[in-house]
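Written out below as structure tokens is the structure these notes cover.
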Amino acid sequence: MIGAGRAGGTLLGPGGDMANYDHAAIEEKWQARWADERTFYVDEASPDKFYNLQMYPYPSGDLHMGHIRNYSYTDLLTRYLTMMGHNVLAPMGWDSFGLPAENAAINTGIHPREFTETRIEKMKQQLRRLGAVYDWSREVAAHTPEYYRWTQWLFLQFWDAGLAYKKQAPVNWCPSCQTVLANEQVVGDGECERCGTPVEKRDLDQWFFKITDYAQRLLDDLEGLRGQWPERVRIMQENWIGRSEGASFRMEIAERPGASVEVFTTRPDTSFGMTFAVLAPEHPLVEELIAGTPQEQEVRDFVHRVTLQTEIDRLSTEKEKEGLAIGFHAVNPFTGQPVPLFIADYVLMTYGTGAIMAVPGQDQRDWDFARKHGLPIIRTVQPPEGFDGEAYTGDGPAINSEFLDGLGVEEAVAAATEWLEERGIGEATVQFRLRDWLISRQRYWGCPIPMVTCPEDGLVPVPASDLPVLLPDIEDYRPKGQSPLAAEEHFVATTCPVCGGPARRETDTMDTFVDSSWYFLRFADPANDQAPFSREKADYWMPVDQYIGGIEHAVLHLLYARFFTKVLGDLGFLSASEPFARLFTQGMLTKDGAKMSKSKGNVVAPDAYYESYGADAIRLYHYFLGPPTDDAVWNDDGVEGTYRFLNRVWRLATGDGFEAADRDPTPADDEILRVAHRTLQRVSGDIERFSFNTAVAALMEYGNALRAYVAGDGGPRRETLAACMDMMILMLAPMTPHVAHEMWELAGHGTMLATERWPQWDEDLAVLETVTMVVQVNGKVRDRFEVSADISEDEAVAVALSSEKVQGYLGGGEPDRVIARPPKLISIVVSS
RNA sequence: GCCGGGAUGGCGGAAUGGAAGACGCGACGGACUCAAAAUCCGUUGGGCGCAAGCCCGUGGGGGUUCGAGUCCCCCUCCCGGUACCA
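Counting the first sequence from 1 gives a position; our numbering is that position plus 26.
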């Protein structure tokens, strides 16, 4: 077909001498073929599986260019890996519970289910239009009873394993969303992740998952992800888990024999420098001690004032630390001396023991507080000569510390801890910053928590056989401080599974992060109605070989999913201990200096681009735009360039404007084949290392070389051009699949391009025959030679020294030094 | 504050310690056209020069090296995370 003129004319563009391809017709044709032939549907037959997963999206309805960028990357890999011969699972599903649907219901009266499902359909259409391919037989949606039945079932497994519990706790409350938030969902200066409203504290009965039981393993297993996950994500998780080692010990209250307070410190070596101790205002001991004392009212007022502060004020580091002596003393076990006991807002009840020993000499916060309240400061670590700071936190010999004197920090910590342990006062302990995961939400559009409360039997799980606890249809979605479900008596009123007596259902629903903590497992076995997934299928597909998503999930989703995987592994449901073997976080697409979002009004709708340029040109532009890990700025003119490129390739494929001849090969034919193989080598390597932008650049250079070849003396040789075009088409197949498939068919291949094998380059052809050798004199390039790529060192030096220009710089003398790096470079050093 | 990451033409970006600016966008000039669009060809970091060519140039300052955008030290600015975590 090559060189046969405008073959297959019906799909050619609308007239003009320089025909553009008819992207609309071509795209529809091939999208239908992939769907009808279920080209990317997979089973478990092959030993060479590859699980290629993109974070399943919230069905927002409209794909903007930011989404398109992300889906384009995943689709490139699905197609490339398929051509590499892997059995590639690329599923798609919907994170379809959550607030937007519920808010829409409140505002418009449309049922969240209808709202959600309409949008899912819309989004599926848009993915199809992009040419993104999936195994749609595995589609899941978190809001369907077929899915959330198993979310509830998994909750029951957690409950049975003692990993789910309910307790009253001060929680983050968003007054606008009228629901609680996990710590991880409080962002910035204490604002709601969703709506930006300042978060308040409230005491509520809430459900938690005991993720803290897994803190150490979640931390340890990050090691194994080194090199496979972006370093910054690994570090963010490490910091979030926040392990610190130290000691906790008890101190007697001087005025109350029998009463004591436990403190945690990472620096037991500094205990001799303790000059006061501080309790969190909410510490239970505070109320116990002050009851009936003259200062009772003053202390209560202070506690009240602190707890009323929003999280923002309380945690602001600019604010001066506020505190109050409560009139009691703690006895420092190391010295036997009493130190005054304070309450202060800088000590948090939620970390450690909620109480600290204060050592102003070695802790800046304590220093500040001591200064403000006129408390003594004792240094217990000798600062280095010339130290002019305040608290000294570095290493140095211990001083003023009796038996610790002279020891370095590490030895002193060990010695002090041992001292405490020998006396039974305290012990070495490890603290984590990580808190248990609060999963209750007082909202309607989420997975109901399958528990009932019975006056006789207390909290009772709904039997697995009664699942799912269906989310009932209701009339009033407005949040009122408790879940809208609480107002639905027919939902709430039930019977106790244990005693059969009247009982009440839990009305909270689960955080949507619970739904997304196991969806990747459901994709392995989506139709299973006996279990969330079979171990066999999960073990076949897991772990996810390549996970792709946004950096915004660096801690939340990725930590929870890791936690779920470990729990389910421990419970015997699967073998994998980590869900995502490799993680790729793509950068975001910005416009006007911000991430594209509806609320910012800076979204670029793809519709006009689809019409003018088609899906392939849009995709190719996204690949070309820049490194996929980096944020990128949308540029309206850019698609024009990739569209022009594709049309030039199309004209080469359709023989538009030239005639190919059956003739003997010339050096030009030899050379263009070499360029083809060199390009294949570059493109293959670039795709493997996610350098899509340079892969596209290589293809463009190849296209330019092909056009020069076609226009060159003697014109194109039919056989050479066909071989070169086949390679071009195969390389374009994962990137611009529609036009590539069309060209493949036009070239006379009767096969489906998508399942063709990615070609292998010929090493002998890919290597350069001649190289430009640069000759430097004193570091500056002074001459260049075309030399054979396998030139010897001696020859290369001889060529360099023969250069007249170089001789000029040598001024008749001998070079002091010659550094030879054949065939690319000869560097000559000569003293002036 | 602490922990990451970054700064290269008008713009997006490319460059295993070895020709800085590949590839593309934009701009300018030209061909084709009655004209325009499309397409094709050429130029395009700055300065000096008729030219051959020379000098300067990867945020700033030092250093290592025959050779630094790349490695080391210091600084400035920008982005992300985290923030009284004892």
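From the three backbone atoms N, C-alpha and C, an ideal C-beta is built for every residue, glycine too.
Alpha carbon of residue i to alpha carbon of residue j, nearest angstrom
| i | j | result |
| --- | --- | --- |
| M375 | R154 | 52 Å |
| A590 | L851 | Looking at the sequence itself, residue 590 is Phe, so the reference to Ala does not match. For F590 and L851, the distance between alpha carbons rounds to 56 Å. |
| S876 | Q707 | Because the chain in this structure spans residues 27 to 858, residue 876 falls outside the shown range and cannot be described. |
| G774 | D541 | 48 Å |
| Q390 | V259 | 29 Å |
| I352 | E453 | 27 Å |
| V709 | A724 | 7 Å |
| V803 | K831 | 10 Å |
| G575 | R531 | 36 Å |
| D350 | A317 | The identity of residue 350 in the sequence shown is Leu, whereas the question assumes Asp. Distance between the alpha carbons of L350 and A317: 16 Å. |
| I404 | A273 | 20 Å |
| D816 | A658 | 41 Å |
| T343 | Y372 | Per-residue confidence for T343 stands at a pLDDT of 49, beneath the threshold of 50, marking its modelled position as unreliable; no derived number is given. |
| P307 | G362 | 25 Å |
| G848 | S829 | Looking at the sequence itself, residue 848 is Pro, so the reference to Gly does not match. Roughly 16 Å separates the two Cα atoms. |
| L102 | T611 | 15 Å |
| G837 | V801 | 16 Å |
| K75 | V114 | 6 Å |
| I845 | Y84 | 59 Å |
| D394 | G378 | 21 Å |
| L597 | R293 | 38 Å |
| Q263 | L245 | 8 Å |
Three-state class that DSSP yields for residue i in the structure shown
| i | result |
| --- | --- |
| W463 | strand |
| I404 | coil |
| F413 | coil |
| E278 | strand |
| S603 | coil |
| E288 | strand |
| R32 | Here the model assigns R32 a pLDDT of 28, short of 50, so the residue's position is not dependable, and the following value carries that caveat. Three-state DSSP puts R32 in coil, outside helix and strand. |
| M27 | Only weak support exists for where M27 lies, its pLDDT of 26 falling under 50; the coordinates are left without a value. |
| M149 | helix |
| T205 | strand |
| V709 | helix |
| Q22 | The structure shown does not extend to residue 22, since the chain spans only 27 to 858, so no value can be given for it. |
| L493 | coil |
| L615 | strand |
| S857 | coil |
| S297 | helix |
| P487 | strand |
| C750 | helix |
| F610 | strand |
| G250 | helix |
| G729 | helix |
Limits of the unbroken alpha helix (DSSP H) element including residue i
| i | result |
| --- | --- |
| C525 | Looking at the DSSP string, C525 is not in any alpha helix (DSSP H), and its letter there is neither H nor E. |
| V675 | 664-680 |
| Y902 | Nothing about residue 902 can be read from this structure; the chain reaches only from 27 to 858. |
Range covered by the beta strand (DSSP E) that runs through residue i
| i | result |
| --- | --- |
| M8 | No statement about residue 8 is possible, as the shown extent of the chain runs from 27 to 858 and does not include it. |
| A370 | 364-370 |
| M383 | 381-384 |
| L350 | 349-357 |
| P196 | 190-200 |
| Q80 | 75-80 |
| R228 | 226-235 |
| N113 | 113-115 |
Near the ligand ADP: residue i beta-carbon under 7 Å from a heavy atom
| i | result |
| --- | --- |
| W199 | What this structure holds is no ligand at all, so the ligand ADP is not there to describe. |
Secondary structure, alpha helix (DSSP H): runs of 4+ residues fully inside the stretch 303-330: 310-316
Examine the Cβ distances between the stretch 636-652 and the stretch 46-53 and report whether three or more of them are shorter than 8 Å. yes
Taking only runs of the alpha helix (DSSP H) that begin and end inside the stretch 758-846, which ones reach a length of at least 4 residues, in chain order? 763-772, 789-792, 819-827, 830-836
Taking 8 Å as the cut-off, does the stretch 697-706 touch the stretch 663-678 (at least 3 CB pairs, one atom from each stretch)? When Cβ pairs closer than 8 Å are counted between the two stretches, the stretch 663-678 is seen not to touch the stretch 697-706, the count staying below three.
Taking contact to mean 3 or more Cβ pairs, one atom from each stretch, closer than 8 Å, check whether the stretch 98-112 and the stretch 129-141 are in contact. no
Three or more C-beta pairs below 8 Å linking the stretch 178-196 and the stretch 221-238: Yes: at least three Cβ pairs fall under 8 Å.
Please confirm if the stretch 727-746 is in contact with the stretch 779-793, defined as three or more CB-CB distances below 8 Å between the two stretches. no
Residue ranges of each alpha helix (DSSP H) run of no fewer than 4 residues wholly in the stretch 423-460, ordered along the chain? If we require 4 residues or more, the alpha helix (DSSP H) runs fully inside the stretch 423-460 come out as 435-448.
Would you list, in sequence order, the uninterrupted alpha helix (DSSP H) runs of no fewer than 4 residues that lie entirely inside the stretch 531-592? Whole alpha helix (DSSP H) segments, 4+ residues: 538-541, 545-548, 561-567.
Contact between the stretch 124-131 and the stretch 656-670: three or more CB pairs below 8 Å? no
Are at least three pairs of beta-carbons, each pair with one atom in the stretch 524-539 and one in the stretch 478-496, less than 8 Å apart? Yes, they touch.
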